[in-house]
Structure formats: C-alpha cells, structure tokens
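Numbering (my numbering), first residue to last: 3 to 217. Data first, discussion second: the structure below is written as structure tokens.
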Amino acid sequence: MDGPVAVGKSSVGLLLAKKLGYIFFDTGAMYRAFTWKSIKAGVLPENEVDLCRLAENSEIHFIPGKEGCLSILVDGRNIMDELFSPQVEKAVPAVAKVAEVRRIMVNKQREIAQRGKIIMAGRDIGTVVLPEADLKIFLTASAEERAKRRYQELLERGESLSLDAVLADLIRRDELDIHRSVSPLKPADDAIIIDTGALSLQEVVDKIYALVLNL
Ligand code: DC
Numbered sequence: 003m004d005g006p007v008a009v010g011k012s013s014v015g016l017l018l019a020k021k022l023g024y025i026f027f028d029t030g031a032m033y034r035a036f037t038w039k040s041i042k043a044g045v046l047p048e049n050e051v052d053l054c055r056l057a058e059n060s061e062i063h064f065i066p067g068k069e070g071c072l073s074i075l076v077d078g079r080n081i082m083d084e085l086f087s088p089q090v091e092k093a094v095p096a097v098a099k100v101a102e103v104r105r106i107m108v109n110k111q112r113e114i115a116q117r118g119k120i121i122m123a124g125r126d127i128g129t130v131v132l133p134e135a136d137l138k139i140f141l142t143a144s145a146e147e148r149a150k151r152r153y154q155e156l157l158e159r160g161e162s163l164s165l166d167a168v169l170a171d172l173i174r175r176d177e178l179d180i181h182r183s184v185s186p187l188k189p190a191d192d193a194i195i196i197d198t199g200a201l202s203l204q205e206v207v208d209k210i211y212a213l214v215l216n217l
C-alpha cells in the first residue's frame, strides 16, 4: 500500500491488518529509525559514504509491537517513540533519497515480507519493494484534505500549528517524494487507486477488505 504523506496509510493498514489477522508494517518507520541513528552518530545525509557505511553496520531488527504492528529495534534499542521527533522529521527525506541506503532498507523489507501475510505501507512498495504483491493499493487525497486531517491530529495531540503551515509542509514533502530520482512516489501500473477524499476511514478499509477477499 503506497501513497503520499498523511493520506491515512497507517490508520487504514492497522485496521485492515486487524480485520485480516495480518501483520502491518510501515516502511516509513524504518527510514525514520535509520535517520534517528544517523543523527545520533552525527552523520549528515550529504555525507553519503559515511551514511552507507552506517547503514551497513546497523543492526535493525523487528519484534511484534503494539496492535499487530512491528516495532523496530536499532542496535537492540526500541526507538519507536523517537521516530516523530522534529529532528528526525526534518532529516528523513534527505536520508531516504540516498540510493544505497534504500538498497539496504529494501532488502530488509523484502525479508520481512517473506515472514507471511503482511500489509506493507510506504512510497515504493508496489513499484520497487514487492512488485509481485498479491494486491497493490495506492491511496490518494488532495493536499488540502490531507492537511485538514493532519491538522486535526496535531490539535488532538495538543500541538499548535496553523492549517496553512501544515498544508505548506505537506506540499513541500509531496514535492520531495514525487520528484526524487530514486524510487519516486508513484502508483504501480497495476495498482488500484483509491481516492480517500470523500470516504471515511472505515469505508476505505471495507473497500480494500473486499478486494482482498476477491483475490
Ligand atoms: O511515511 P513517513 O512520513 O513516515 O515516511 C518517512 C520518510 O521516509 C518520508 O521522507 C518518505 C520516506 N519513505 C520512503 O522514501 N519510502 C518508503 N517506502 C517509505 C517512506
């Protein structure tokens, strides 16, 4: 399952995984986890040689976590609570566009997929990571709609950003995802595109659930 930032991949994926008894895995968390490690190690994303060496020497493991999700351990430490810090948020697009880092992460993602029934979410799952997936879903929604949802989430978390600032950040991140040269965000040719703009979370889940049952 692929799609742009804040389109609801994790919310949909978690509910769907629960309904199907599958594992849910968000590959964005993996890029975030490695970005966290690079920040701790003081390696800047521009320093690709050191960054790749660090990626090769990082122990990234996965253990069953909350609500059917996989938790990520970096060098034995569970860092799930640190993945959304402003520092990680800022640096992750630059780390995720380094081809060699992606090669290492994609190999790990394919290993995880071998474990069995899984819903994997990201930007390049249908196009690069699992081109043979049984079902490929690409979620879309307008930037304005996604910004409204993200703004609501932030309000509920007690953060105070303006809707305009959320929208501007989202558009900036879309640009980075769509226009990067390695594994840009795009639907696979055989992906089913679902515009979630006019649908509730449950409606999206039900739609994909029906598609899975028809496989
Ligand atoms: O979905 P997210 O915001 O947690 O993703 C974090 C970053 O990782 C974001 O810059 C997009 C990138 N990413 C990627 O390049 N490929 C993936 N399969 C998943 C995420």
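The C-beta atom is built at its ideal place from N, Cα and C for all residues, glycine as well.
| Check | Outcome |
| --- | --- |
| Taking 8 Å as the cut-off, does the CB of Asp52 come closer than this to any heavy atom belonging to the ligand DC? | no |
| Who are Ala31's beta bridge partners in DSSP? | BP columns for Ala31 are empty, so no partner. |
| When every heavy atom of the ligand DC is checked, does at least one fall within less than 8 Å of the C-beta of Val178? | The residue asked about is misnamed: residue 178 is Leu in this sequence, not Val. Because some heavy atom of the ligand DC lies under 8 Å away, the Cβ of Leu178 counts as near it: yes. |
| Let me check understanding here. Comparing Cα to Cα, which of Ala8, Val9, Ala19 and Val7 lies closest to Met122? | Ala19 |
| Do Ala193 and Ile120 have their C-beta atoms closer together than 9 Å? | no |
| For the beta strand (DSSP E) containing Ala98, list its first residue and its last residue. | Careful: Ala98 lies outside any beta strand (DSSP E), inside the alpha helix (DSSP H) at Pro88 to Ala98. |
| How many Å lie between Gly70 and Tyr24 at the Cα? | 8 Å |
| Starting from the C-beta of Leu88, find all residues in its chain whose C-beta is less than 7 Å away, skip the five residues before and the five after it, and write them out in chain order. | Inspection of the sequence shows that residue 88 is occupied by Pro rather than by Leu. Correct list: empty, nothing qualifies. |
| Of all the options Pro6, Pro47 and Ala43, which has the alpha carbon lying nearest to the alpha carbon of Gly30? | Pro6 |
| Threshold first: 3 residues or longer. Then list the beta strand (DSSP E) segments lying entirely within the segment 103–191, N to C. | 120–123 and 139–142 |
| Considering only their Cβ atoms, is the gap separating Leu53 from Glu102 smaller than 9 Å? | yes |
| Is any non-hydrogen atom of the ligand DC found closer than 8 Å to the C-beta of Pro95, if you look at the structure I gave you? | yes |
| Can you find the residues in the same chain that come closer than 6 Å, C-beta to C-beta, to Arg34, ignoring five residues on each side of it along the sequence? | Leu85, Val90 and Val94 |
| So Leu141 and Ile196 are in contact, right, with Cβ under 8 Å, and what is the actual spacing, rounded? | 6 Å |
| Less than 8 Å separating the Cβ of Leu199 from some heavy atom of the ligand DC? | At residue 199 the sequence reads Gly, which differs from the Leu that was named. Every heavy atom of the ligand DC is 8 Å or more from the Cβ of Gly199, so no. |
| CA-CA distance, Arg175 and Gln116? | 30 Å |
| Would you say Tyr211 and Lys11 are within 9 Å of each other, going by their C-beta atoms? | no |
| Could you name the residues of the same chain whose beta carbon sits closer than 6 Å to that of Leu72, not counting the 5 residues immediately before and after it, in chain order? | Phe27 and Phe64 |
| The alpha helix (DSSP H) that contains Val214, what's its start and end? | Leu203 to Leu215 |
| Could you please give the first and the last residue of the uninterrupted beta strand (DSSP E) stretch that includes Ser73? | Leu72 to Val76 |
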